[in-house]
Amino acid sequence: MYSFPNPIRLSSSAERIIFVILPLMHIAGVVGLQLPVSQSLFKTLVPFHLLSCVGLLFLFQEEWNTSTIILWLTSYLVGFFIEALGVHTGLIFGAYQYGETLGWKIIDIPVLIGANWLILVFSTGVVIQHLHPNKWLKAAVGAALIVFIDVLIEPVAIKLDFWVWEEPTVPLQNYIAWYIISFGLLCLFYSLSFPKKNRIAGLLLICQALFFAVHNFIYQLL
Numbered sequence: 000m001y002s003f004p005n006p007i008r009l010s011s012s013a014e015r016i017i018f019v020i021l022p023l024m025h026i027a028g029v030v031g032l033q034l035p036v037s038q039s040l041f042k043t044l045v046p047f048h049l050l051s052c053v054g055l056l057f058l059f060q061e062e063w064n065t066s067t068i069i070l071w072l073t074s075y076l077v078g079f080f081i082e083a084l085g086v087h088t089g090l091i092f093g094a095y096q097y098g099e100t101l102g103w104k105i106i107d108i109p110v111l112i113g114a115n116w117l118i119l120v121f122s123t124g125v126v127i128q129h130l131h132p133n134k135w136l137k138a139a140v141g142a143a144l145i146v147f148i149d150v151l152i153e154p155v156a157i158k159l160d161f162w163v164w165e166e167p168t169v170p171l172q173n174y175i176a177w178y179i180i181s182f183g184l185l186c187l188f189y190s191l192s193f194p195k196k197n198r199i200a201g202l203l204l205i206c207q208a209l210f211f212a213v214h215n216f217i218y219q220l221l
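Residue 0 is where the sequence shown starts when you use numbering that gives the first Met the number 0, and the numbers rise one by one after that.
Shown next as structure tokens:
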């Protein structure tokens, strides 16, 4: 299998700076999205934040091969098209529509929604890869972790116009669908042979989970 190093090499000092900046980005996002005076500005920055997270995963992936590319493309495309089916049929996640916060859309679906699936699947796969030798067990645990993060995401997404549900509460089928899709993508992650090392993945996953957890905590206080 053809493999090649990442063409962009980060110095150790650059990596340390990024490890400081990434949490600060998420802290700034929490503050900016909570303050009425800055919320509209920070909502316009959400797509750029998603792109920057994908970019960081790319920068910290030292070695690539064809399987890495297959995994990234599949995660993005499955994420995008499953959301398209979900929005236009209501049969997968339930009845919902996307708002304007996630940016430019094609067929009513934000182009970057596939990037969100890629970030969650790839980061989770890297973080729990040493949990157990059995790939099915790792995929099952990883899918549960991703669903837990989605539980944190949903109230924030509704408040910030990521998307809106037709029902007053998030339907159970949404979480079931998230689990099944995540499980399938993580099975692919552990079935493909590529370097499953990415030093920023764990911090990125923690930052994202805390970002939404803090928002939910603030909403409970208000």
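All C-beta atoms in this analysis are idealised placements derived from N, C-alpha and C, irrespective of residue type, glycine included.
Does residue i pass the burial test, meaning 16 or more other C-beta atoms within 10 Å, or should it be called exposed?
{"i": "Gly78", "result": "buried"}
{"i": "Leu50", "result": "exposed"}
{"i": "Ala200", "result": "buried"}
{"i": "Phe41", "result": "buried"}
{"i": "His214", "result": "buried"}
{"i": "Pro35", "result": "exposed"}
{"i": "Glu82", "result": "buried"}
{"i": "Ala138", "result": "buried"}
{"i": "Phe192", "result": "What sits at residue 192 in the sequence shown is Ser, not Phe. By the neighbour-count rule (16 or more Cβ atoms within 10 Å), Ser192 is not buried but exposed."}
{"i": "Gly113", "result": "buried"}
{"i": "Asn173", "result": "buried"}
{"i": "Pro109", "result": "buried"}
{"i": "Trp116", "result": "buried"}
{"i": "Thr67", "result": "buried"}
Could you give the distance in angstroms between the alpha-carbon of residue i and the alpha-carbon of residue j?
{"i": "Ser37", "j": "Ser190", "result": "44 Å"}
{"i": "Ile106", "j": "Ile127", "result": "35 Å"}
{"i": "Phe92", "j": "Glu165", "result": "11 Å"}
{"i": "Ile26", "j": "Val140", "result": "28 Å"}
{"i": "Ile118", "j": "Pro154", "result": "20 Å"}
{"i": "Ser181", "j": "Ile175", "result": "10 Å"}
{"i": "Ile157", "j": "Ser12", "result": "38 Å"}
{"i": "Val169", "j": "Val86", "result": "14 Å"}
{"i": "Leu204", "j": "Phe121", "result": "10 Å"}
{"i": "Cys52", "j": "Pro167", "result": "31 Å"}
{"i": "Trp135", "j": "Ile145", "result": "15 Å"}
{"i": "Ile152", "j": "Ile7", "result": "32 Å"}
{"i": "Ser2", "j": "Thr65", "result": "7 Å"}
{"i": "His129", "j": "Thr123", "result": "11 Å"}
Under three-state DSSP, which class holds residue i?
{"i": "Gln128", "result": "coil"}
{"i": "Ser10", "result": "coil"}
With a cut-off of 8 Å on the beta carbons, I'd call residue i and residue j a contact; round off their distance for me.
{"i": "Ala143", "j": "Tyr178", "result": "7 Å"}
{"i": "Leu101", "j": "Val45", "result": "6 Å"}
{"i": "Val163", "j": "Gly89", "result": "At roughly 13 Å, the Cβ-Cβ gap does not stay under 8 Å, so Val163 and Gly89 are not in contact."}
Measure from the C-beta of residue i to each C-beta in chain D and report whether the shortest distance is under 7 Å.
{"i": "Leu220", "result": "In summary, chain D is missing from the structure at hand, where a single protein chain is found."}
For this session: Only counting runs of 3 or more residues, tell me where the beta strand (DSSP E) segments fall wholly within the segment 35–80, in order along the chain.
Result: Whole beta strand (DSSP E) segments, 3+ residues: 62–64.
Exercise. Which ranges does the beta strand (DSSP E) cover as unbroken runs of at least 3 residues, wholly within the segment 135–220, from first to last along the chain?
Worked result: 162–164
Exercise. In the segment 82–115, which residue ranges form an unbroken beta strand (DSSP E) of at least 3 residues, counting only runs that do not cross its ends?
Worked result: Taking 3 residues as the minimum length, the beta strand (DSSP E) runs contained wholly in the segment 82–115 are 95–97, in order along the chain.
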